[in-house]
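Sequential numbering from 0 applies to the sequence shown in numbering that gives the first Met the number 0.
Here a beta-carbon is modelled for each residue, glycine too, at the ideal position from N, C-alpha and C.
Here the structure is a predicted model, which is why all the values come from computation and not from measurement.
What follows is a set of notes on a single structure, which appears directly below.
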Amino acid sequence: MTAPSSTTAEVAAERLCAACQHLWTTHDDISARFCAATIVNTYSRGCVCVPGATTGTTDAAN
0 MTAPSSTTAE VAAERLCAAC QHLWTTHDDI SARFCAATIV NTYSRGCVCV
50 PGATTGTTDA AN
């Protein structure tokens with residue numbers, strides 16, 4: 000039997016948010032709640048993710 004090619008953690012780390020299309024792991028508590036509410040209520044609104052969310056870094060300099 001062969002080992003799976005990726006672990007559950009690796010798959011979760013690569014998952015994109017359905018609301019903003021940023022990596023889910025880049026969401027802080029506020030943006031996670033905002034995006035979850037956006038998805039559940041099918042809102043069409045802007046993004047509140049931290050700077051650098053599109054690159055996977057959360058450094059404010061990005």
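Unbroken alpha helix (DSSP H) run spanning T37, endpoints = The residue given as residue 37 occupies position 38 in the sequence shown. Counting along the chain, the alpha helix (DSSP H) containing T37 begins and ends at 28-39.
message = Between V49, G51, V39, which has its C-alpha nearest S18's C-alpha?
response = Taking the sequence shown and counting its residues from 1, the one referred to as residue 18 is at position 19. Residue identity differs from the one stated: residue 18 is Ala in this sequence, not Ser. When only C-alpha atoms are compared, the closest one is V39.
key: Rounded separation between H26 and C34 - CA only   = On the sequence shown, position 27 is the one that residue 26 refers to. On the sequence shown, position 35 is the one that residue 34 refers to. Approximately 9 Å between the Cα atoms of the pair.
inquiry  = Between the alpha carbons of V47 and L22, how many angstroms are there, rounded?
reply    = By one-based count along the sequence shown, residue 47 stands at place 48. By one-based count along the sequence shown, residue 22 stands at place 23. Each residue's alpha carbon lies about 13 Å from the other.
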